[in-house]
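Let me begin by presenting the structure, written as structure tokens, before commenting on it.
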Amino acid sequence: MNTKTQNDQLLEDNPQTYNKDNEINNSRPVQIDNNIETNDYLDKLDENKLDPKTTNLGIEINEIKEEETLSTNDIEKKLEELGDYDPTLELSNYRIPSIEILKNYGNGKIEIDKSDLEEKKDKIVETLGHYKIGITSISATVGPTITLYEIVPNAGVRISKIKNLEDDIALSLAAEGIRIIAPIPGKGTVGIEVPNKNKTTVSMLEVLKSEKFQDNKMELPIAFGKTISNETFVVDLTKMPHLLMAGATGQGKSVGLNVILTSLLYKKHPAEIKFVLVDPKKVELTLFNKIEKHFLAKLPDSEEAIITDTKKVINTINSLCIEMDERYELCKKAQCRNIKEYNTKFISRKLNPNKGHRFLPYIVLVIDEFADLIMTAGKEIETPIARLAQLARAIGIHLIIATQRPSVNVITGIIKANFPARVAFRVTSSTDSRTILDSKGADQLIGMGDMLISTGSDLTRLQCAFIDTPEVEKLCEEIGNQNSYSQAHILPEFVSENESSSVSSNLEEKDDLFNEAARIVVQHQSGSTSLIQRKLRLGYNRAGRIIDQLESAKIVGPPEGSKARQVLIKTELELEELLNSI
């Protein structure tokens, strides 16, 4: 059979397009696609037609099982099975020390000398009579150190007239420490406070044993001492929420601080409260060193928990500001308004620790001699303290500031405005009394723990409880001998602007373990000082210097409060290139 050449086919299909130039040589067949001849190519297409069986194949769809999800009821059941989170579990064997280690300085009963009471009553009536002030009745309430005489003046007598006789009554009774309360709040009487001839010491043991202290439901109860009517006076620090304390040297201020700390140590577990102790005098609070791993908080780079250096005080207070901001951020995420609501949610397992949530202990900052700090640091310390005082109350950070010099340049308007609760022991002048209490009275106290406490509008006279140094030492030993946490509570890291601008981590003098530390940080993707400490078995100071050098080399970022620093190098290859270039 003759096969037509390609030329013939072209001519038949389109005779007009033919010319000699487009004639194709007929001497051999045209080759198409890897030596397949034209006619064979068409046959190949027929052979490659799909088998009719394959065109009817169906597709099998694999079933994907949906992931099981728990209903709200199931989740609640599981949470019930787990029970509440217990923050005290890590130190579940911790026991509050026995109250019997404290001394009893009296039997708690007040001896009443009736003849002395009668004598003083007669002198008061006589003195008032000299100024033509008649009274209808007089009664006496005997307290540990003070007796309160309550008088009801005749109708028409001006109260201010009685108030002005303070010095005359003191002269007639031959006694100092006379104070007139005109009128007594909530009563239709005028009070005259007169010191007792035989004073009774109020022991800390007696106050802590009282029903008022043992059975109260306050968050942070402080048993200060006893009132004029011999009742135990207990107040909640969270309601204050900050306390300003002043008094001349030797009038009971340091004992007052020990009373506050002892009250809280006898009520709270180490997981529930932490103390930041600032002691510029270096001798007042040193006894509490023994409870460092149980109850104290400090900066990451501090060797000692009790802060005595002014620069460290500034850093610590700024660190507390960072802690405050972090706590507010957690409350915002948890939709809580205060620490109590937040911890209640956390304990009932409604907050996820993987999202940064944690149990928040109360933090109490105690500064023993504030005047010294103001003299040496001024605004550097006043500004962060004012910020804490304004904002920290809701998230469990409370301030107790004591000073022996309550002058206006120490207790400034900003400080006073944010410390509504004030305690005044005896001061040397009525000016100092007005500075601390906004009224006179503290200059008329008799000393030895005689104190006035102002919580808002009320002014109450108390005899502060007494706890001696050996008792505090014994209490701290009892706590210190028990199992503790591995270290003190660590506050967020704070780097001042001066320190950050003059980073002393000169890379020319880099640490011998710099490269090894860099590899550890990049491998774990965690810029943590404690990680370097653990892995390289270093002290905190050296590990801290290495972290600063890593920051200078742009391997880790700047500090972010209590969080680990961000690692800027993501792979070991990048790191090796960087290390070779340094």
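The opening residue of the sequence shown carries number 482 in our numbering; numbering runs sequentially from there. We put the beta carbon where it would ideally sit given N, CA and C, even for glycine.
query	result
Beta carbon of glutamine 944, beta carbon of glycine 587: below 8 Å?	no
Which residue spans inside the segment 743-775 form an unbroken beta strand (DSSP E) run of at least 3?	754-759
Quick check: what's the CA-CA separation for alanine 999 versus isoleucine 971?	24 Å
Report the CB separation of isoleucine 803 from phenylalanine 995 in whole angstroms; it is logged as a contact under 8 Å.	Not really, about 27 Å apart at Cβ, beyond 8 Å.
So, with DSSP's three-state summary, where would you put serine 986?	Low confidence applies here, because serine 986 scores a pLDDT of 43, under 50, leaving its location unreliable; read the following figure in that light. Correct three-state label for serine 986: coil.
Should aspartate 849 be labelled buried (16 or more other beta-carbon atoms within 10 Å of its own) or exposed?	buried
Determine the direct distance from the alpha carbon of threonine 912 to that of leucine 646, and round the result to whole angstroms.	20 Å
Counting pairs of beta carbons, one from the segment 596-613 and one from the segment 648-668, are three or more of them closer than 8 Å?	yes
By the 10 Å Cβ neighbour count, where 16 or more other Cβ atoms means buried, how is glycine 637 classified, buried or exposed?	exposed
Going by C-alpha distance, which of Leu766, Lys762, Ile798 is nearest lysine 779?	Ile798
Grab the span of the alpha helix (DSSP H) containing valine 716 for me, first residue to last.	Segment 713-717 is the beta strand (DSSP E) holding valine 716; no alpha helix (DSSP H) there.
Could you check whether leucine 746 and threonine 572 sit closer than 8 Å to each other, using their CB atoms as the reference points?	Checking the sequence, you will find leucine at residue 572 rather than threonine. Not in contact: leucine 572 and leucine 746 (Cβ atoms no closer than 8 Å).
Leaving out five residues on either side along the sequence, give the residues of the same chain with a beta carbon under 8 Å from the beta carbon of leucine 811.	Tyr823, Gly837, His838, Arg839, Leu841
Glutamate 1041 bridges to which residues according to DSSP?	Lys1044
Could you check where the alpha helix (DSSP H) with leucine 686 kicks off and where it finishes?	685-690
Quick one, are the C-beta atoms of isoleucine 632 and isoleucine 665 less than 8 Å apart?	no
Across the segment 730-747 and the segment 922-935, are there enough close Cβ pairs to call them in contact, namely three or more that are closer than 8 Å?	yes
Excluding five sequence neighbours on each side, which residues of the same chain lie with their C-beta closer than 7 Å to the C-beta of serine 620?	Glu631
Pick out whichever of Asp992, Asn677, Asp649 has its Cα sitting closest to the Cα of serine 596.	Asn677
What does the Cβ neighbour count give for glutamate 990, buried or exposed, with the cut at 16 atoms within 10 Å?	exposed
For leucine 1056, is the classification buried or exposed, using 16 other Cβ atoms within 10 angstroms of its Cβ as the cut-off for buried?	buried
Counting along the chain, where does the alpha helix (DSSP H) carrying serine 1033 start and finish?	1021-1033
In whole angstroms, what separates the C-alpha of alanine 815 from that of leucine 832?	7 Å
Distance, Cα to Cα, isoleucine 866 vs serine 800?	11 Å
Go through its chain and collect everything with a Cβ distance to leucine 563's Cβ below 7 Å, but skip five positions before and after it.	Arg830
Among Thr936, Ile876, Ile1028, which one has its Cα closest to the Cα of alanine 905?	Thr936
What residue range does the alpha helix (DSSP H) around glutamate 850 cover?	Segment: none, glutamate 850 is in no alpha helix (DSSP H) and carries neither H nor E.
Beta-carbon separation of histidine 723 and phenylalanine 900 under 8 Å?	yes
For aspartate 782, which residues from the same chain have a beta carbon less than 7 Å from its beta carbon, with the 5 sequence-adjacent residues on both sides left out?	Tyr1021, Asn1022, Gly1025
Decide if the segment 869-878 is in contact with the segment 690-697; the criterion is three or more beta carbon pairs, one per stretch, under 8 Å apart.	no
Please list the terminal residues of the continuous beta strand (DSSP E) segment that includes alanine 883.	878-884
What's the gap between the Cα of valine 671 and the Cα of threonine 719?	32 Å
For a test of the three-state rule: what should DSSP assign to glycine 610, helix, strand or coil?	helix
On a Cα-Cα basis, can you pick out the residue from Pro625, Ile662, Ser744 that is closest to asparagine 679?	Pro625
Going by beta carbon distance, what residues of the same chain come within less than 8 Å of glutamine 968, once the five residues before and after it are set aside?	Lys774
Can isoleucine 1013 and isoleucine 1028 be called in contact, C-beta distance under 8 Å?	yes
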